[in-house]
Amino acid sequence: MKTRALLKGASVVLLAVLGTACGGAMDVTVYEPGVYKGPKDPLVAMQATPEQKAALQARFTKSQADR
Amino acid sequence: MARMKFLCDSERCIECNGCVTACKNEHEVPWGVNRRRVVTLDDGVPGERSISVACMHCTDAPCAAVCPVDCFYTTDDGIVLHDKDLCIGCGYCFYACPFGAPQYPQKEAFGVRGKMDKCTFCAGGPEGKDNSEAEREKYGRNRIAEGKLPMCAEMCATKALLAGDGDMVADIYRERVMKRSGRPQSWGWLTAYEEDV
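Those protein sequences? They're chains A and B, same order as listed. When the letters of the first sequence are read in order and numbered with this note's numbering, they come out as residues 1447 to 1513. When the letters of the second sequence are read in order and numbered with this note's numbering, they come out as residues 77 to 273.
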């Protein structure tokens, strides 16, 4: 009788523990990128020029557009 | 401002691995590191599909978000680059990247990771002057500074792999889809969106 009660109690505790484990938080952690700390890339300044943009667009049309 | 993007047309890719070879040759990528690779689904089965995958230069790059030393930066054209001097080879970016783009050379014993290496969209890195010897050794050739586009796309024999201004790439792809009269069904469009969409 005592054993049965003990088993019953243990199973209730076990179910409670399992239930708690299954009920995890559903929130998604979103990370934001930090600020780049390295040296500047000269390419970044070059990309701001219209000549560079035009050159890349011309290159794309020449080499990758469907014939 | 243009946003540089890659697009691989799975209807055209024939798994020749020319893009992989072109990339390795152009940048002298070391053994064990593949900045680009071709993935084939249902290999050997009728209807198999291949796509060429590398860093996709994400607009909201997860690698940059998880980097503990903030070694990533995005150029005005949307190219995601990193500084190998800051990189500590922790591997977080590899876990965060949905494309498996970050690679690590195994130069030391016991699986110690070296500095991360990935596709630079042929735009080098933050190492002195563009196309300097140091930049070439560390990041590969800087074709963008020369007014050229990534070697992998320019070498693609079937023009499956496109690289350039996202709008121009999208225009070409849209035209192809119209010519084929319908959407490509390779990626489970019907499964995802059902027939009516």
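Virtual Cβ for every residue (Gly too), placed ideally from N, Cα, C. Note that the structure is predicted; figures quoted are calculated from it, not measured.
- Please compile the residues from chain B whose C-beta is within a distance smaller than 7 angstroms of the C-beta of Val-1481/A. Asp-146
- Could you tell me if Glu-184/B is buried or exposed, where buried requires 16 or more neighbouring beta carbons within 10 angstroms of its beta carbon? exposed
- Which whole runs of the beta strand (DSSP E) in the segment 172-249 of chain B are 3 residues long or more, in chain order? 237-241
- Return the bridge partner residues of Cys-84/B from the DSSP annotation. Leu-237/B
- Smallest Cα separation from Ala-140/B: which of Thr-97/B, Pro-174/B and Glu-230/B? Pro-174/B
- Query: What residue ranges within the segment 90-132 of chain B form continuous alpha helix (DSSP H) runs of no fewer than 4 residues, ordered along the chain?
  - Reply: 94-103
- Return helix, strand or coil for Thr-150/B, following the three-state DSSP convention. strand
- Quick one: list the residues of chain B neighbouring Val-1474/A, beta-carbon separation under 8 angstroms, in chain order. Per Cβ cutoff of 8 angstroms: no residues; Val-1474/A is ~12 angstroms from chain B at best.
- Item | Euclidean distance between Cα positions of His-133/B and Thr-196/B | 9 angstroms
- Message: Do Pro-106/B and Pro-202/B count as a contact pair if the criterion is CB distance below 8 angstroms?
- Response: no
- Item | Test: Pro-1485/A CB closer than 8 angstroms to a CB of chain B | yes
- Message: Since Gly-1480/A and Asp-146/B should fall inside the 8 angstroms C-beta cutoff, what is the C-beta to C-beta distance between them, to a whole number of angstroms?
- Response: 4 angstroms
- Task: Keeping to the same chain, check which residues put their C-beta closer than 8 angstroms to that of Gly-200/B; ignore five residues upstream and five downstream.
- Result: Leu-157, Asp-206, Asn-207, Glu-211, Arg-212, Tyr-215, Gly-216, Arg-217, Asn-218, Ile-220 and Ala-221
- Which residues in chain A sit within 8 angstroms of Pro-202/B, going by Cβ to Cβ distance? Gly-1484, Pro-1485, Lys-1486 and Asp-1487
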